[in-house]
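Counting from 8, one number per residue, gives the positions in the sequence shown under this note's numbering.
All residues carry an ideal CB built from backbone N, CA and C; glycine is no exception.
A short worksheet on the structure shown next.
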Amino acid sequence: MKKKIAIFLFICCKAIAGYAQPQSTSSNATSYSQFTQIDSSEIFLYGELLNKTAKPKYNLDRMYSAGGTFWTNLFIYNSATKKTVKVFQQNLILVYPFYAGFSYNNNYEMGNFNNITFSAIAKDVLVVMVRTDDNGDGIIDEDDPIGLYLISKNGTAPVQVSPKGMNAVSWKMAKDGRMIIAKLQKDTNGDKKFTDEDEVIYQIDLYKDISKIVITPVI
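The structure is reproduced here in structure tokens:
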């Protein structure tokens with residue numbers, strides 16, 4: 008049994024490593040990640056990489072994603088219309104990347120991977136994990152909460168479905184892709200940090216029309 012578990016963990020690690028690409032550059036030039044295609048559609052996702060100029064604005068020492076990678080924005084390209092949509096308009100943002108092969112069939116819970124985070128392709132929407140400069144100090148770091156955003160696959164404006172000011176700790180999607188249950192941290196003492204904070208649970212009911220999404224506190 009132990010041997011089987013070891014083999015399984017080895018395969019999982021190899022899979023994650025195989026999907027991760029280099030996500031930063033030592034130059035000042037603008038560069039982008041590899042493309043991730045949504046199913047067999049005309050829609051492709053890619054991210055802008057962290058360059059040398061922007062790096063001082065990101066304190067990455069203790070923040071991790073699968074493969075230790077980050078994007079500074081997300082783009083959606085439609086090969087049929089030959090048009091690209093820049094998803095987030097903020098100048099300072101951190102997007103946890105998508106990885107080919109992880110979709111709503113591979114439901115993700117951050118706690119299973121010691122807070123390793125990545126965004127996912129859901130049934131009708133994109134589930135995007137994002138940090139913004141929430142405290143306004145000009146730096147993206149652990150004091151800025153992770154927000155859970157939903158985006159339609161045609162690139163319409165992102166909708167934050169985790170309450171503003173709360174930090175997403177874990178989330179899991181229902182097998183039918185219609186609901187997310189999320190565990191969040193609430194800054195109960197008002198210090199704008201998320202260490203040893205109370206956790207709350209929310210249910211997020213998903214629809215193709217993002218404006219119809221329902222967010223309900225569970226506890």
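Endpoints, beta strand (DSSP E) assigned at MET269: The structure shown does not extend to residue 269, since the chain is modelled only from 8 to 226, so the question has no answer here.
Span separating the alpha-carbon of PHE125 from that of GLN97: Each residue's alpha carbon lies about 20 Å from the other.
Span of the beta strand (DSSP E), counted from its first residue to its last, around GLY54: 50-55 is the extent of the beta strand (DSSP E) around GLY54.
Three-state secondary structure (DSSP) of LYS64: In the structure shown, the three-state DSSP call for LYS64 is helix.
Beta-carbon gap between LYS199 and MET173 smaller than 8 Å: No.
Run of the beta strand (DSSP E) containing ALA175, from where it starts to where it stops: That run of the beta strand (DSSP E) goes 174-180.
Inter-residue spacing [alpha-carbon to alpha-carbon] between SER177 and ALA189: So the two alpha carbons sit approximately 6 Å from each other.
Buried/exposed call for GLY145, threshold 16 Cβ in 10 Å: It counts as exposed.
Contact set for VAL207: own chain, Cβ-Cβ below 6 Å, skip 5 residues either direction: Exclusion of the five residues before and after VAL207 leaves LEU191, LYS193 as the residues of its chain whose Cβ lies within less than 6 Å of its Cβ.
Environment of ASN196 [buried if 16+ CB atoms lie within 10 Å]: By the neighbour-count rule (16 or more Cβ atoms within 10 Å), ASN196 is not buried but exposed.
Closest residue to ALA129 among GLY54, LYS182, LYS62 (Cα-Cα distance): Looking at GLY54, LYS182, LYS62, the one whose alpha-carbon comes closest to that of ALA129 is LYS182.
DSSP beta-bridge partners of PRO224: Looking at the DSSP assignment, PRO224 forms a beta bridge with TYR209.
Closest residue to ASN35 among PRO152, ASP46, PRO63, LEU52 (Cα-Cα distance): A check of alpha carbon separations from ASN35 across PRO152, ASP46, PRO63, LEU52 identifies PRO63 as the nearest.
Contact under 8 Å by Cβ, VAL94 with PHE77: No, Cβ-Cβ distance for VAL94 and PHE77 is not below 8 Å.
For VAL92 and GLY162, the rounded distance between their alpha carbons: Cα to Cα, the separation comes out at about 6 Å.
Nearest to ASN85 (by Cα), restricted to the options LEU213, SER48, PHE105: Shortest Cα-Cα distance from ASN85 to any of LEU213, SER48, PHE105 involves SER48.
Segment limits, beta strand (DSSP E) that includes LEU191: Where LEU191 is concerned, the enclosing beta strand (DSSP E) stretches over 186-193.
Best match in ALA87, LEU67, LYS89, ASP140 for proximity to ILE100 [C-alpha to C-alpha]: Minimum Cα distance to ILE100 is reached at ASP140.
Whether ILE222 touches VAL168 by CB criterion (8 Å): Between ILE222 and VAL168, the CB-CB gap stays under 8 Å.
Spatial distance of GLY54 from PRO224 (CA atoms): The straight-line gap from Cα to Cα measures roughly 32 Å.
Per-residue burial, ALA164 [other beta carbons within 10 Å of its own, 16 or more giving buried]: Exposed, since its Cβ has fewer than 16 Cβ neighbours within 10 Å.
Range covered by the beta strand (DSSP E) that runs through THR91: Residues 90-93.
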